[in-house]
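**Student:**
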Amino acid sequence: MKIICIGRNYAKHIEELKNERPKDPVIFMKPDSAILLKNNPFFIPPFSEDIHYEVELVVKIKKIGKHIDEKFAPKYYDEIGLGIDFTARDLQSKLKEKGLPWEKAKAFDGSAVVGNFIDKSELNMSQIHFQLLKNGELVQDGDSTHMLWSIDEIISYVSQFFTLKIGDLIFTGTPSGVGKVAADDVLEGTIEGRRMFQVKVK
Ligand code: ZN
């Protein structure tokens, strides 16, 4: 399986990182080795002094597809989850400056937290509300209506380049409020108030 991530999908997050608003979705990938196994802590890697959390809605693909028309995209997923796209921001800034790929900063071991999934029939798909709490304090408050590209638009766009396969995950971008983690932090993610994951940082 593969993990496809969308960058810069929320206007306020683009502003907080002083990035340019993209014309097309920004795409990068994480290998399956990036997945943080359930109930394992996240260890801050030695190559970064500035690991950021980014909470994101995650779509689980259930059907193989290529060149998917936006109107048929809902047939390709039933489940919505929540995850963290851990990012070595210091490393990413250096790579960005040089115009180099982001993988070292985005795709390292443990960088993809994947929580539980909810059947989309249990959600109001036109507006999904999700949150990230750090040590019990609200740090990111997300609303899917603020996405520049919707889930269905993302699936259509991504599938022009990559065949989507059963079990692939799409991280749909983070809202504003990203920030640094430190040892002993506890991160908890919720969708509509339901706890989807809890991660300890070490
Ligand atoms: Zn992200």
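Sequence positions in the sequence shown follow our numbering and run 85 to 286. Every residue gets a Cβ at the ideal spot worked out from N, C-alpha and C, and that includes glycine. Please read all numbers here as calculations on a predicted model, not as lab measurements.
1. Hey, is residue 276 close to ligand 1, as in C-beta under 8 Å from one of its heavy atoms?
2. Please list the segments of the beta strand (DSSP E) lying wholly inside the region 88-162, counting only runs of 3 or more residues, in order along the chain.
3. Would you report the Cα separation of residue 96 and residue 138, rounded to the nearest angstrom?
4. Assuming residue 168 contacts residue 197 under a Cβ cut-off of 8 Å, what Cβ separation, rounded to an integer in Å, is found between them?
5. Mapping DSSP to helix, strand and coil, what is residue 202?
6. As an exercise, report each continuous alpha helix (DSSP H) stretch of at least 4 residues that is fully enclosed by the region 167-198, in chain order.
7. Hey, would you say residue 141 sits closer than 9 Å to residue 228, going by beta carbons?
8. In the DSSP assignment, find the beta strand (DSSP E) that holds residue 225 and state where it starts and stops.
9. Expressed to the nearest angstrom, what Euclidean distance is found between the alpha-carbon atoms of residue 234 and residue 133?
10. Closer than 8 Å to a non-hydrogen atom of ligand 2 - does that hold for the CB of residue 140?
11. Residue 274 to residue 121, Cα distance in whole Å?
12. Express the C-alpha separation of residue 178 and residue 102 in angstroms, rounding to a whole number.
13. Quick check on DSSP: helix, strand or coil for residue 242?
14. Just to confirm the assignment, what range does the beta strand (DSSP E) spanning residue 284 have?
15. Quick one: does the C-beta of residue 257 sit closer than 8 Å to a heavy atom of ligand 1?
16. By the three-class DSSP mapping on this structure, what secondary structure does residue 235 have?
17. What span of residues does the beta strand (DSSP E) with residue 271 cover, start to end?
18. Buried or exposed: where does residue 210 fall if 16 or more other Cβ atoms within 10 Å of its Cβ makes it buried?
19. Using the DSSP secondary-structure output, state which residues sit across from residue 215 in a beta bridge.
20. Exposed or buried, which one is residue 157 when buried takes at least 16 other CB atoms within 10 Å?
21. Smallest Cα separation from residue 93: which of 172, 190, 255, 116?
**Tutor:** Looking at the atomic coordinates:
1. Incorrect: residue 276 has no Cβ contact closer than 8 Å to ligand 1.
2. 110-114, 135-137, 139-145
3. 13 Å
4. 4 Å
5. Residue 202: strand per DSSP, three-state reduction.
6. Within the region 167-198, the complete alpha helix (DSSP H) runs of at least 4 residues fall at 173-182, 187-190.
7. A contact, by the Cβ cut-off of 9 Å.
8. 221-227 is the span of the beta strand (DSSP E), which, as asked, contains residue 225.
9. 33 Å
10. This structure simply doesn't include ligand 2; it includes ligand 1 instead.
11. 18 Å
12. 15 Å
13. helix
14. For residue 284, the enclosing beta strand (DSSP E) begins and ends at 278-284.
15. yes
16. DSSP, reduced to helix, strand and coil, places residue 235 within a helical segment of the structure shown.
17. 270-275
18. exposed
19. Its beta-bridge partners are 225, 274.
20. Under the 10 Å beta carbon count, residue 157 is surrounded by 16 or more other beta carbons and is classified as buried.
21. 255
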